[in-house]
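Those protein sequence lines, which keep their order, are chains S and Z. Each residue of the first sequence is one higher than the last, beginning at 1 in the working numbering. Each residue of the second sequence is one higher than the last, beginning at 1 in the working numbering. Note that the Cβ used here is the ideal one computed from N, Cα and C, for glycine as well. Below is one structure, written out as structure tokens; comments come after it.
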Amino acid sequence: MSGAYYWRRLGYALITLFVIMTLNFIIFRIMPGDPVSLVLSPEFTPEVRQMLREMYGLDQPLWTQYLLYMKNTLAFDFGRSFVTRQPVLRELLARLPNTLMLLGTAFVLNVVVGVVLGIKMATRQGSRLETGVTGVSLFLNAMPSFFVGLLLLLTFGYYWPIFPIRGTMSVPPPTEFWPIIFDRIHHMILPVTAVSLSGYGSWYLYTRNNVIGALGQDYVLTARAKGLTQREVLYRHAFRSVLPPIVTLVFLSLPGLITGAVITESIFSLYGVGRYLVDATLQQDYPVVQGCFFVIALAVLACNLLADLVYGLVDPRIRLR
Amino acid sequence: MSELVVQDLRMYYQSRRGQVRAVDGVSFTLAPGKALGIVGESGCGKSSLGITLLRLLPPNGRVMGGSVRLGGEELLTMDEETFRKNIRWKKLAMVFQGAMNALNPVLTVGSQIAEAILAHERVTKEEAERRAKDLLAMVGINPARYGHYPHEFSGGMKQRAVIAMALACNPQVIIADEPTTALDVMVQAQVLKAISDLRQRLGLSLILVSHDLSVVAQTCDEVAVMYAGKIVEHGPVEEVLVRPRHPYTQGLTQAFPDIRADRAPIVSIPGTPPNLLSPPSGCRFHPRCPLADELCAREEPELVEKGAARHRVACHQVSVSGEVAEVRFA
Chain S
1 MSGAYYWRRL GYALITLFVI MTLNFIIFRI MPGDPVSLVL SPEFTPEVRQ
51 MLREMYGLDQ PLWTQYLLYM KNTLAFDFGR SFVTRQPVLR ELLARLPNTL
101 MLLGTAFVLN VVVGVVLGIK MATRQGSRLE TGVTGVSLFL NAMPSFFVGL
151 LLLLTFGYYW PIFPIRGTMS VPPPTEFWPI IFDRIHHMIL PVTAVSLSGY
201 GSWYLYTRNN VIGALGQDYV LTARAKGLTQ REVLYRHAFR SVLPPIVTLV
251 FLSLPGLITG AVITESIFSL YGVGRYLVDA TLQQDYPVVQ GCFFVIALAV
301 LACNLLADLV YGLVDPRIRL R
Chain Z
1 MSELVVQDLR MYYQSRRGQV RAVDGVSFTL APGKALGIVG ESGCGKSSLG
51 ITLLRLLPPN GRVMGGSVRL GGEELLTMDE ETFRKNIRWK KLAMVFQGAM
101 NALNPVLTVG SQIAEAILAH ERVTKEEAER RAKDLLAMVG INPARYGHYP
151 HEFSGGMKQR AVIAMALACN PQVIIADEPT TALDVMVQAQ VLKAISDLRQ
201 RLGLSLILVS HDLSVVAQTC DEVAVMYAGK IVEHGPVEEV LVRPRHPYTQ
251 GLTQAFPDIR ADRAPIVSIP GTPPNLLSPP SGCRFHPRCP LADELCAREE
301 PELVEKGAAR HRVACHQVSV SGEVAEVRFA
């Protein structure tokens, strides 16, 4: 590996992070309204108001505020929520596992179903089965996940109530281990299905098209001529050669987990990062929004870096000696 | 070593507008250790012939009849699994057109050679690797480059690696489809020399598909000229290229400049190769042929020996003794 290349990448990432943090600071300063007025009841006297402004550091010059903000943000100290008065980081961490579990499961399902189906169908291009699968996948892919989610809720939560319509667990939750697990899974099925139905399609189409392209290459014809089995030709030659872009795409899509959570969690009323962000925005809870933005930005940058790194590992042409 | 006998082989591509007769009644016999060149314009069916022999047809390609026998064994009706295991690469190997892309870019060159051995023989990975290294050495590539990727090879090296790969299972026949097309003249000469040397050393039969007469003249014992899916002239290289009889072959040889001759203008054959969806009646060359008469348009000439021994021509205008008017294309 050439160290210089990766150091440069890291440098770009840090510069980007700095720019994002700065924008994140500016956005909330130029928005109309005084944050303090949101927290405070109008009945407070001007003296109390002034005291609170000092407490939040809002009486300091902008420059000082900026430096303080940078210092605290880098230490993952996002302050306290205006609404709950709890530290933002703690609230964020409490919700993160739910989000990761739900969207992580859906994401893995999307990639696995999409890629496997894509490979299988690429070998049957033009058959009735493949035409059908591609048509259905295109249709589902074009459906927004919130629409699919609402349909599912209506069908399997309301008309035919076999799944819960909200939340990540029953209230009160079961106490034993297996019932807890079962209860969690029971609550996850609808949201995961909604995300997967509208999400696997792009993986399917991407894989299918790339594998079909690879199957038309001379090296695949050579592999067949060598007397390799269909399986060997398909996996060792065709699929192996389209693996690099797919792996890269996996890493580049990871940050989408968090942003995608915004919609899904709102619809299924889940206790996760996405809904936290939506609620905070609606309630003008700036420290929370700022904290969420920072975490998302960090995730995007980290995944981009990782994608660069992994691409080098799976594609010998990029690998540097 | 065994003889390859192709008889009346027909392979049509099925398309929405009908059948494309890419290989239409091709017959030839390739004796062990001999090299046959197949020449013709683009789209005359010469590459299709190669992939038909190895049964690597695309989904719309279908064998419509004929027979291909290697050492007396019929290949066309053999079941797929037996053919894959016992014939592909083991007896019939191929060097593909544009070998630039014949190697998978994400696998090491060595492993792609070893994989061919492992597919057909019960040997250990180490043994396969050792043999792959020997093969690389045989075509003049340092065996230390076994673990390198195709993009680390030059064009000529890649082509030679592909030839090494074709030799992996000691095949009886190698079909080389435009093996030197993408290479510059110097590298082309090296590769052709490598092919000829190996062929003589290993006693291989070779089918060399090319549009380049000079390549065929250098490498082959016999040449078959294809036009619109059919062989129109076939015989020993010196016979066919020095005394071409079929007007099409005459045109082909005139289209090549002679380095020793005066600066004669290069002539080309006017017109374009026929649409194989609906080939012309009678002789397929008659619409472009200056000698064509009413018989040519009506009746298809047979490929028969005329004039010299083993020199077959399919032309009404060539007499039984091999006499034909000299054709000058403008």
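Exercise for the section: Measure the Cβ-Cβ separation of Z/I195 and Z/P171 and say whether it is below 8 Å. Expected result: no
Practice task
Kindly indicate which three-state DSSP category Z/R214 falls into: helix, strand or coil?
Solution key: Residue 214 of chain Z is actually Ser in this sequence, not Arg. Of the three classes helix, strand and coil, the one that applies to Z/S214 here is helix, per DSSP.
Practice task
Determine the DSSP secondary structure at Z/D221, reduced to helix, strand or coil.
Solution key: Residue state, collapsed to three classes: coil.
Problem - Buried/exposed call for Z/S47, threshold 16 Cβ in 10 Å - result: Classification of Z/S47: buried, given that the 10 Å Cβ count is 16 or more.
Practice task
Could you name the residues of the same chain whose beta carbon sits closer than 7 Å to that of Z/A217, not counting the 5 residues immediately before and after it, in chain order?
Solution key: V237, L241
Handout entry: DSSP-derived helix/strand/coil call for S/R321
Key = Per-residue confidence for S/R321 stands at a pLDDT of 45, beneath the threshold of 50, marking its modelled position as unreliable; the derived number appears in the next sentence. It is coil, neither helix nor strand.
Exercise for the section: Using a threshold of 8 Å, state whether the C-beta atoms of S/H237 and Z/N104 are closer than that. Expected result: yes
Handout entry: Straight-line gap, S/L205 to S/G114 (C-alpha atoms, nearest Å)
Key = When only Cα atoms are considered, S/L205 and S/G114 end up about 8 Å apart.
Exercise for the section: Report the residues of the region 201-221 of chain S with a CB closer than 7 Å to any CB of chain Z, ordered along the chain. Expected result: Q217, D218, Y219, L221
Problem - Secondary structure of Z/Y149, DSSP reduced to three states - result: coil
Handout entry: Z/L103, DSSP secondary structure in three states
Key = Of the three classes helix, strand and coil, the one that applies to Z/L103 here is coil, per DSSP.
Practice task
Please name the residues in the region 226-240 of chain S whose beta-carbon is closer than 8 Å to at least one beta-carbon of chain Z, in chain order.
Solution key: K226, G227, L228, T229, E232, R236, H237, R240
Practice task
Indicate whether at least one CB of chain Z lies closer than 8 Å to the CB of S/P316.
Solution key: yes
Exercise for the section: Can you tell me which of the three DSSP states S/D366 falls into? Expected result: What the structure shows of chain S is the stretch from 1 to 321, and residue 366 of chain S is not part of that stretch, so it cannot be assessed.
Handout entry: Contacts around Z/Q112, its chain only, beta-carbon distance under 7 Å, and the 5 residues preceding and following it disregarded
Key = L103, N104, M165
Practice task
Compute the distance between the beta-carbons of S/L190 and S/L151, then report whether it is under 8 Å.
Solution key: no
Practice task
Taking 8 Å as the cut-off, decide whether the C-beta atoms of Z/K83 and Z/L75 are in contact.
Solution key: According to the sequence shown, residue 83 of chain Z is Phe rather than Lys. Taking 8 Å as the Cβ cut-off, Z/F83 and Z/L75 qualify as a contacting pair.
Handout entry: CA-to-CA distance, S/R49 to S/M55, given in whole angstroms
Key = 10 Å
Problem - Residue burial classification, S/S127 (beta-carbon count within 10 angstroms, cutoff 16) - result: Label assigned to S/S127: exposed.
Problem - CB contact check: S/M1 to chain Z, cutoff 8 Å - result: Since pLDDT at S/M1 reaches only 48, below the 50 mark, its modelled position is unreliable, and no value is offered.
Exercise for the section: Give the range of the beta strand (DSSP E) segment to which S/Q65 is assigned. Expected result: For S/Q65, there is no enclosing beta strand (DSSP E); the residue is found in the alpha helix (DSSP H) stretching over 62-74.
Practice task
For S/R128, decide whether its Cβ has a neighbour in chain Z, counting only Cβ atoms nearer than 8 Å.
Solution key: no
Problem - Local conformation of Z/K230 per DSSP, three classes - result: strand
Exercise for the section: Note down, in chain order, every chain S residue with its Cβ under 7 Å from the Cβ of Z/K85. Expected result: G227
Practice task
Indicate whether at least one CB of chain Z lies closer than 8 Å to the CB of S/R224.
Solution key: S/R224 counts as touching chain Z.
Handout entry: Partners in chain S for Z/H151, counting only beta-carbon separations shorter than 9 Å
Key = Within chain S, the residues near Z/H151 are P316, R317.
Exercise for the section: Could you tell me whether the Cβ of Z/P105 comes closer than 8 Å to any Cβ of chain S? Expected result: yes
Practice task
For S/V220, verify whether its CB is less than 7 Å away from any heavy atom of the ligand SAM.
Solution key: This structure simply doesn't include the ligand SAM, nor any ligand for that matter.
Practice task
Spell out a yes or no on whether the region 172-192 of chain Z and the region 14-26 of chain Z are touching, meaning 3 or more CB-CB pairs, one atom from each, closer than 8 Å.
Solution key: no
Practice task
For the alpha helix (DSSP H) holding S/V213, just list the boundary residues, first then last.
Solution key: The residue asked about is misnamed: residue 213 of chain S is Gly in this sequence, not Val. S/G213 -> alpha helix (DSSP H) spans 177-215.
Practice task
At 3 residues or longer, and completely inside the region 33-116 of chain Z: list those beta strand (DSSP E) runs for me, N to C.
Solution key: 35-39, 61-70, 92-95
Exercise for the section: Check the Cβ-Cβ distances between Z/A102 and every residue of chain S, and say whether any is below 8 Å. Expected result: yes
Exercise for the section: Please work out which residues of its chain come closer than 6 Å, Cβ to Cβ, to S/T264, disregarding the five sequence neighbours upstream and downstream, and give them in chain order. Expected result: P191, V195
Exercise for the section: State buried or exposed for S/W178, treating a residue as buried only when at least 16 other CB atoms are found within 10 Å of its CB. Expected result: exposed
Handout entry: For S/F268 and S/G333, the rounded distance between their alpha carbons
Key = Beyond the ends of chain S as shown, which are 1 and 321, falls residue 333 of chain S; an answer cannot be given.
Practice task
Using a cut-off of 7 Å between C-beta atoms, extract the partners of Z/A116 located in chain S.
Solution key: K226
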